[in-house]
Amino acid sequence: MARISLCEPQDLPPSLQRMSEEHGHDPMMVNMLQGFAPVPELIQSFMGWYYPWHANGEGVPARLPARLKELVRLRIATFTGCRLCKASRQQPDTISEDVAEYIDNPETQEKLSPAEAVAVQFAAKLATDHFSVTDADFAVLRRHFDNAQILELLVMVSVIYLGFGRVLSVLELDNATCPIPSAAPAWTTAPENAGMQAQRDYRALHAAPVEG
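What follows is the structure, encoded as structure tokens:
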């Protein structure tokens with residue numbers, strides 16, 4: 001149950017009604033919009049920045065591939081515990097369901113390109129304990145990315161994927177009926193398991209520096 005009062009879908013402000021229509025009245029999107037109905041300008045501004053930068057929309061000078069950012073977003077959803085984030089598929093044409101569903105699996109990560117694997121590893125480390133990030137980790141990043149790309153990765157991870165994912169999770173705005181794959185890992189439907197998974201990943205991540 002959401003920790004903030006939700007308006008009825010039909011009572012959404014006109015601007016949020018349009019956003020809902022643009023997304024085909026997707027239950028996940030509608031549930032989020034209901035929560036942000038008291039401040040429609042806030043969510044409009046945020047989403048107007050989020051989607052173009054995440055998906056490399058027209059006119060946005062993004063430097064990172066949209067596929068790489070989607071892989072990172074899916075991995076970060078493990079640490080936020082946001083089921084909406086984990087269930088959403090924003091690059092279905094470039095990322096197979098097997099990869100999207102099992103991005104937390106080391107065997108799946110081995111199938112990624114070297115740059116993708118490094119980005120996913122670094123993002124996970126940043127999400128769990130940013131104090132543990134070292135000069136050596138940045139040296140690995142620089143083998144694959146220039147400074148502009150590194151800055152884009154840092155902002156996308158910390159502000160959008162991690163920060164907003166946690167907002168949705170703590171407000172429990174990720175509880176709408178949504179198309180979570182039937183074979184999805186159990187933690188995607190059990191918040192308490194998300195924390196356990198994140199703790200296991202934390203221990204594994206900090207046993208060694210980012211590699212690549």
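The sequence shown maps to residues 1 to 212 in UniProt numbering.
Quick reminder that beta carbons are idealized off the backbone N, C-alpha and C, glycines included.
None of the values given here were measured: they were computed from a predicted structure.
Taking all protein chains shown into account, residue 161 has 16 or more neighbouring C-beta atoms within 10 Å of its C-beta and is therefore buried. At a Cβ-Cβ threshold of 9 Å, residue 15 and residue 34 do not count as neighbours. For residue 70, the closest alpha carbon among the candidates 91, 105 and 134 is that of 91. In the structure shown, residue 35 adopts helical secondary structure according to DSSP, grouped into three states. When the alpha-carbon of residue 48 is set against those of 101, 93, 22 and 72, the nearest one is in 22. Each of 63, 1 and 80 was checked against the Cα of residue 151, and the nearest Cα belongs to 63. Taking residue 128 as reference, the option from 26, 163 and 31 with the minimal CA-CA separation is 163. Assigned with DSSP and collapsed to three states, residue 64 falls in coil, not helix or strand. Around residue 169, the same chain offers 80, 81 and 82 as residues with beta carbons nearer than 7 Å, after the five sequence neighbours per side are excluded. Boundaries of the alpha helix (DSSP H) around residue 109: 106–109.
Scanning 42, 99 and 40 for the CA closest to the CA of residue 111 turns up 99. The residue from 173, 51, 114 and 5 with its alpha-carbon nearest to that of residue 142 is 114. In this chain, the alpha helix (DSSP H) harbouring residue 99 covers 97–101. Assignment of residue 13 by DSSP, reduced to helix, strand and coil, places it in the coil class.
Taken through DSSP and simplified to helix, strand or coil, residue 121 comes out as helix. Secondary structure at residue 113: coil, using DSSP grouped into helix, strand and coil. Counting only the Cα atoms, residue 158 lies some 10 Å from residue 130.
The three-state secondary structure of residue 44, taken from DSSP, is helix. Residue 4 carries a coil assignment under DSSP once its states are collapsed to helix, strand and coil. Relative to residue 135, the option among 210, 27, 31 and 25 whose CA is nearest is 210. The alpha carbon of residue 5 has as its nearest neighbour, out of 27, 25, 87 and 32, the alpha carbon of 32.
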